[in-house]
Amino acid sequence: MSTLDLPGYTHVYSGKVRDLYAPVGPDGEVVPDQLLLVASNRLSAYDWMMSPEIPDKGAVLTRLSLWWFDQLSDLVPNHVVSTDVPEAVAGRAVLVRKLDMLRVEAIARAYLTGGGLEEYREKGSVSGVPLPDGLVDGSKLPEPVFTPTTKAPVGEHDLPMSPAEVEAELGADVAAEVSRLTRAILARGNEIAADRGVVIADTKVEFGVSPDGSGGLVLADEVLTPDSSRFWPAELWEPGHPQPSYDKQFVRDWLTSSESGWDRKAGGPPPELPAHVVEQTRAKYVEAYERLTGETF
Ligand code: Q0Z
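So for the sequence shown, the UniProt record's numbering puts the first residue at 1; every next one is plus one.
Here it is in structure tokens:
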């Protein structure tokens with residue numbers, strides 16, 4: 001994958017769509033308390049990496065995350081140190097405080113869909129929280145629900161965690177704080193997004209703590225982006241069926257159309273995206289950024 005040669009940094013880890021580097025000091029030693037978080041232009045759909053990449057995706061998501069960190073700064077401190085980064089990743093990388101990350105994926109849902117909908121249909125509840133009768137795919141929940149999962153290794157799928165499992169992992173006090181903050185972040189996100197034509201159905205956030213044990217939870221990683229959340233165009237929101245995805249709908253529609261020639265169930269890789277699908281998808285990321293922030297990308 002794209003392990004870039006960044007002056008002053010060494011590659012440490014790559015996820016599906018982001019890369020982590022460690023700064024190297026003048027003595028050649030790794031700087032132990034910082035990381036460079038680089039957002040790539042890679043896109044996944046149906047659990048496959050698409051080719052070609054989506055121009056500007058990494059920059060749009062990085063700018064959106066930074067904007068959200070500001071909007072959320074009265075709720076929770078964040079890991080951002082600086083946006084002064086190497087030229088090769090300018091605009092799509094952030095220097096951050098290296099934290100001890102909690103081993104829980106902190107997810108909250110404000111609308112019912114996906115795994116939450118499956119549990120509701122079976123049990124009338126989501127993550128053990130009882131919900132009113134009559135909800136359907138896309139229904140707005142009375143209030144955001146905390147639905148944590150395990151952090152599975154790359155390639156594996158995360159599994160739901162019960163409240164008892166989260167408490168065993170974090171302790172009761174930290175578990176309660178993670179739940180409260182995750183729900184508050186999604187509620188604030190939707191307060192802002194509601195005026196701007198975007199619905200944030202659910203989101204995954206990551207928290208860490210200072211390795212020296214001082215201070216409380218710190219919001220890390222990316223926040224309230226289309227990669228970490230389900231964004232829906234508000235004008236198309238209609239409970240009762242699966243909602244179109246803000247960012248990936250053109251890709252999914254093309255991949256599942258006869259035009260692509262792809263047989264998803266045959267198990268082979270998807271074909272190269274045509275230029276018009278790449279351009280429409282780039283435009284959706286930019287549109288989400290511009291709607292939410294009110295700024296031009
Ligand atoms: C984030 C991830 C990947 C990008 C570790 N502030 C932090 N301190 C310590 N660790 C992290 C952070 Cl954000 C951290 N991730 C997820 C994986 C590229 C982000 F490959 N993993």
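For each residue, glycine too, the CB sits at the ideal point set by N, CA and C.
As the structure is a prediction and not an experimental result, all values here were calculated from the model.
- I54 is positioned such that its CB atom lies closer than 7 Å to that of T281.
- Distances taken from the Cβ of S14 to the heavy atoms of the ligand Q0Z include one shorter than 6 Å.
- Relative to the ligand Q0Z, even the nearest heavy atom lies 6 Å or more away from the CB of R103.
- For the ligand Q0Z, no non-hydrogen atom lies closer than 6 Å to the CB of V278.
- Shortest gap from the CB of K151 to any heavy atom of the ligand Q0Z: 6 Å or more.
- Note that the C-beta distance between L159 and T147 is not below 7 Å.
- For I107, the beta-bridge partners assigned by DSSP are K204.
- Here A108 really is in contact with T182; their C-beta atoms are around 5 Å apart, less than 8 Å.
- Annotation for D19: the continuous beta strand (DSSP E) segment containing it runs 18 to 23.
- For A93, no alpha helix (DSSP H) run applies; the uninterrupted beta strand (DSSP E) run containing it begins and ends at 93 to 97, by DSSP.
- The C-alpha of V251 lies about 24 Å from the C-alpha of T293.
- For D221, the distance from the CB to the nearest heavy atom of the ligand Q0Z is below 6 Å.
- In this structure, the beta-carbon distance from V96 to V85 does not fall below 7 Å.
- If you check the CB distance, R18 and A39 come in under 7 Å.
- Assigned with DSSP and collapsed to three states, P144 falls in strand.
- Annotation: V205 to A175 spans about 14 Å, alpha carbon to alpha carbon.
- Annotation: V94 to Y289 spans about 18 Å, alpha carbon to alpha carbon.
- Measuring C-alpha to C-alpha distances from G25 to each of G15, L217, P270, T10 identifies T10 as the nearest.
- Counting only unbroken stretches of 4 or more residues, the alpha helix (DSSP H) elements lying wholly within the region 129 to 187 are 163 to 170, in sequence order.
- Per DSSP, reduced to three states, the secondary structure at T10 is strand.
- A distance criterion of 6 Å places the beta-carbon of L181 beyond contact range of the ligand Q0Z, judged by its closest non-hydrogen atom.
- In the displayed model, S65 falls within a helix according to three-state DSSP.
- At least one heavy atom of the ligand Q0Z is found less than 6 Å from the C-beta of L99.
- With fewer than 16 other Cβ atoms from the protein chains shown falling within 10 Å of its own Cβ, A152 counts as exposed.
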